[in-house]
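Student:
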Amino acid sequence: MELFAFAAALSWATASLFASAPARHLGGFHFSRLRMSLMGVAMLPIVGLSSSLSDIEPWVGLVLLSAFVGIVLGDVSMFACMARLGPRRTGVLFAANAPLTAALNVVVFDISYGVVVILGAAMVSVGVVIAIWFGRKPSGAFNPDEATTGTLLIGVSLGLLAALGQASGALLIKPVVDAGIDPWLISALRVAASAVMMQLIYAVFRSRFPMTTQPMNSQLWLGLAMSGLLGMTLGMSFLLVAFSKGDVGVASILSATTPVVILPLLWLKNRERPALMAWVGAALCVLGSALIIG
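Each position in the sequence shown, counted from 1, maps to that position plus 20 in my numbering.
Structural data, given as structure tokens:
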């Protein structure tokens, strides 16, 4: 379970680097709409080849609800936040989905956690915040990944809404995963359903979502496609596999190390070494994860 949760974190961290530029270019809604549509088509063969298709019929309603809450609301909010705050600060806000998932798990499913797991969760949460808050040295050079577009409060609100959507979507899909349904099939259906929902929303409310008149170049299309492949096709599927092999709350906490994983990736991309406290935060995440696993 732990390996798949960490694989999800790595996939999302890498995907966010590809997503930053096209998300800022298109805006959160249109970036998510095109990304979901592309990945929905790409994942259709999984649905057609699955031997568990008949088994999921009783759970279709829950899969659709989870897709709407976790992907449509969660993804659109996250990338709208990223278009305003960049990948690093979006990461720390979205990481709130881990403790939210664990807390909702306690309230909804009456699941209790031991002191060691709670301590580990606290260390991971604190480590993520430290790693992102101090993740970049002050610099006079302009960095588009650090720029704030629009109102900071709106960006923060969107990030927290994305975290709540992810946490709620995870709990909604938990009974389907617990029923033994193939997690890759669940992931493919959620993505395909989300793509249809997004296109319907755009068709009905087109005037409320004006699209930029600036054309997409090949680099932006590549970024959109790679973020979808890594973030939706692999990242979400890895997380559902982790859910199927262990506790949803613990898997969500481990996968929330994405903002820490992204630090060395941003270092490679921007040629700027993160501050010392960023690595202190990363160490807290590693120690906290070790407590959760142990």
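Beta carbons: idealized from backbone N, C-alpha and C, even for Gly.
Considering only C-alpha positions, which residue in the set V270, F24, F38 is nearest to L250?
Tutor: F38
Student: Buried or exposed: W32, going by 16 or more other Cβ atoms within 10 Å of its Cβ?
Tutor: buried
Student: Can you list, in chain order, the residues of its chain whose CB lies under 7 angstroms from that of L184, leaving out five sequence neighbours each side?
Tutor: L120
Student: In the DSSP assignment, find the alpha helix (DSSP H) that holds P195 and state where it starts and stops.
Tutor: Where P195 is concerned, the enclosing alpha helix (DSSP H) stretches over 172-198.
Student: Short of 6 angstroms in beta carbon distance, which residues of its chain neighbour F154, apart from the five on each side in sequence? Order them along the chain.
Tutor: A295, M297, A298
Student: Identify, in the order they occur along the chain, each residue of the same chain with its Cβ nearer than 7 angstroms to the Cβ of G255, setting aside the five sequence neighbours on each side.
Tutor: A28, S31, W32, A35
Student: Terminal residues of the continuous alpha helix (DSSP H) containing M102?
Tutor: 94-114
Student: Let me confirm a value: N125 is counted as buried when at least 16 other C-beta atoms fall within 10 Å, else exposed. Which label applies?
Tutor: buried
Student: Alpha carbon to alpha carbon, what distance is there between A43 and G243?
Tutor: 9 angstroms
Student: Pop quiz: Q234 and H45 are said to be a contact at Cβ under 8 angstroms. What is the actual Cβ separation, rounded to whole angstroms?
Tutor: The distance from the Cβ of Q234 to that of H45 is about 7 angstroms, consistent with a contact at the 8 angstroms cut-off.
Student: Below 8 angstroms, can you find three or more Cβ-Cβ pairs linking the stretch 217-227 to the stretch 65-83?
Tutor: no
Student: Would you call S40 buried or exposed, if buried means 16 or more other Cβ atoms sit within 10 Å of its Cβ?
Tutor: buried
Student: Count the other CB atoms within 10 Å of the CB of V135; is the residue buried (16 or more) or exposed (fewer)?
Tutor: exposed
Student: Nearest CA to the CA of L73: which residue from G189, S207, V144, A310?
Tutor: S207
Student: Mind pulling the alpha helix (DSSP H) runs of 4 or more residues that sit fully within the stretch 240-301?
Tutor: 257-265, 268-275, 278-290
Student: Can you find the residues in the same chain that come closer than 7 angstroms, C-beta to C-beta, to F162, ignoring five residues on each side of it along the sequence?
Tutor: Model confidence at F162 stands at a pLDDT of 49, short of 50, so the residue's coordinates are unreliable and nothing is read from them.
Student: Helix or strand or just coil, what does DSSP make of S57?
Tutor: helix
Student: Which residues mark the beginning and the end of the alpha helix (DSSP H) in which A27 is found?
Tutor: 22-46
Student: So does F154 have its beta carbon nearer than 8 angstroms to some heavy atom of the ligand ATP?
Tutor: No copy of the ligand ATP appears in this structure; indeed no ligand is present at all.
Student: Among L286, W287, R291, I282, which one has its Cα closest to the Cα of F26?
Tutor: Distances from the alpha-carbon of F26 to those of L286, W287, R291, I282 put I282 closest.
Student: Can you tell me where the alpha helix (DSSP H) holding M218 begins and where it ends?
Tutor: 203-224
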